[in-house]
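Protein chains in written order, with our numbering: chain A, 1 to 85; chain B, 1001 to 1231. All C-beta atoms in this analysis are idealised placements derived from N, C-alpha and C, irrespective of residue type, glycine included. Computed from a predicted model, the values in this text were never measured in an experiment. Scroll down for the structure; my scribbles are underneath it.
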Amino acid sequence: MTRQEIIDELKKVLTPYTEDKTLLAGINEQTNMIKDLKINSANMVDIIIDAESKYDIEIDFDSAEKMVIVGSCIDVIMDKMNAKK
Amino acid sequence: MNSTGNDIVALGQTSKERTLDRRFYSQILSASERSLYYREEIPGLPFETFVWLLWSIKESVYKFQRRKQPDLVFAPTKITIQEINAPAFPSQVDLDAFHWENKSADRSSHFFTAVILFENKIYYSRSIVQDKWIASVVDKDDRFENTCWGVKEIEHTDHSSQSLAVREFILQKLSLVLPNHPGDLHIEKDQFHCPGLSSNGKEIPIPLSLAHHDRYIAYSFLLETVQPTVY
């Protein structure tokens, strides 16, 4: 998967946790999920679990803390997907 | 530089089924913290509520420390709850009266209390656990003598309404404890998204923390850094 394809998929993961859906149209690798998308921090664990299920990966604690920035989130997902190969 | 940190969790916005999923709670609690649940000091608290209680304490510690370390990232498993105790005399909190604020007569025995270790420093917390919400506040001093905190139920749950309501709530309290301040009090976030208090464009050195989740808003602030003669 390309980084853009992961962003497109990630938007679907973030949709239920984003109050203002219009913000999702503008996300890029610098987007901070809490500050820019106004996602409640209590939903960050939901997003990690949803990403694990969607990509059939396991996200460890050290990786989980990077997930708040979209670009870092893509790095984690790609690393974990490559590690499966 | 001193600080404060608080958090509120609207339990209606959490999923019991998901919280009880080992993958989920393992992102929040360590094995040693899970063992705290089975000690007799925590009677009658559902495990899913315990998970969110520890979450709110950890988030409060993170917000306390982030004021000093703006690049800090919230990693719940790196914040260790070493000890937690249930209240001997739980506070009677009735949000039908629309809000709750701490009073000087409040004792630690009214709250869940915890001792927390994070980056070689010890923190203390006080929490209220209700059917619909959990509120926590953190300080470096276990007496909490200078910490003011409050919780309020609001009607509108969109982000801008929550943000406006929590600012009005804390400013109402601050205007009472700072009766002689010149000009209007304002709250603005700095470049690192930490809220700060100002009046007439001048910063007032009172650390404060704001939280909102669904229909609940909460604040904390610390008064010990204020020099009364300035105001």
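CB contact below 8 Å: residue i versus chain B
i: V76/A; result: no
i: E29/A; result: no
i: V45/A; result: yes
i: D79/A; result: no
i: I57/A; result: no
i: S63/A; result: no
i: V13/A; result: no
i: D35/A; result: For clarity, residue 35/A is Lys in the given sequence; the question names Asp instead. By this cut-off, K35/A is an interface position.
Counted within 10 angstroms of its Cβ, other Cβ atoms place residue i as buried (16 or more) or exposed
i: G1150/B; result: buried
i: L1176/B; result: exposed
i: E996/B; result: Because residue 996/B is not part of the residues shown, which for chain B are 1001 to 1231, the question remains open.
i: H1066/B; result: The question names His, yet the displayed sequence has Arg at residue 1066/B. Buried is the call here.
i: V1230/B; result: Note on V1230/B: pLDDT 41, under 50, position unreliable in the model; no value is reported.
i: T1049/B; result: buried
i: N1120/B; result: exposed
i: K1058/B; result: buried
i: A1086/B; result: buried
Residue i versus residue j: straight-line alpha-carbon distance, rounded
i: K12/A; j: I1204/B; result: 42 Å
i: I49/A; j: A1010/B; result: 20 Å
i: K85/A; j: C73/A; result: 19 Å
i: H1159/B; j: D1184/B; result: 24 Å
i: R1215/B; j: A42/A; result: 14 Å
i: N28/A; j: I7/A; result: 8 Å
i: H1156/B; j: H1212/B; result: 11 Å
i: Y1037/B; j: F1144/B; result: 25 Å
i: T1077/B; j: D1142/B; result: 22 Å
i: Q30/A; j: R1018/B; result: 29 Å
Beta carbon proximity, residue i to chain A, threshold 8 Å
i: I1028/B; result: yes
i: R1023/B; result: yes
i: F1064/B; result: no
i: V1009/B; result: yes
i: A1086/B; result: no
i: W941/B; result: Lying before the first or after the last residue shown, residue 941/B is absent from chain B, which here runs from 1001 to 1231.
i: V1274/B; result: For residue 1274/B there is no data in the structure shown, the boundaries of chain B being 1001 and 1231.
Rounded Cβ spacing between residue i and residue j (contact assumed at less than 8 Å)
i: T1004/B; j: S1163/B; result: Not really, about 18 Å apart at Cβ, beyond 8 Å.
i: I1154/B; j: W1052/B; result: Between W1052/B and I1154/B the Cβ distance is about 20 Å, and since that is not below 8 Å, they are no contact.
i: V70/A; j: L10/A; result: 7 Å
i: I1008/B; j: A1218/B; result: 4 Å
i: V1241/B; j: E65/A; result: This structure gives no information on residue 1241/B, because the portion of chain B shown stretches from 1001 to 1231.
(message) I'd like to know if the stretch 49-61 of chain A and the stretch 1022-1029 of chain B are in contact, where contact means that at least 3 CB-CB pairs between them fall below 8 Å.
(response) Judged by Cβ distances under 8 Å, the stretch 49-61 of chain A makes contact with the stretch 1022-1029 of chain B, as three or more pairs qualify.
(message) For the structure I just gave you, are there three or more beta carbon pairs, one from the stretch 1137-1152 of chain B and one from the stretch 1067-1084 of chain B, closer than 8 Å?
(response) Too few Cβ pairs lie closer than 8 Å, so no.
(message) Taking contact to mean 3 or more Cβ pairs, one atom from each stretch, closer than 8 Å, check whether the stretch 1111-1122 of chain B and the stretch 1189-1206 of chain B are in contact.
(response) Between the stretch 1111-1122 of chain B and the stretch 1189-1206 of chain B, the count of C-beta pairs closer than 8 Å stays below three; the two stretches do not touch.
(request) Would you be able to state if there are at least three C-beta pairs under 8 Å between the stretch 30-45 of chain A and the stretch 53-61 of chain A? (result) The stretch 53-61 of chain A vs the stretch 30-45 of chain A: no contact.
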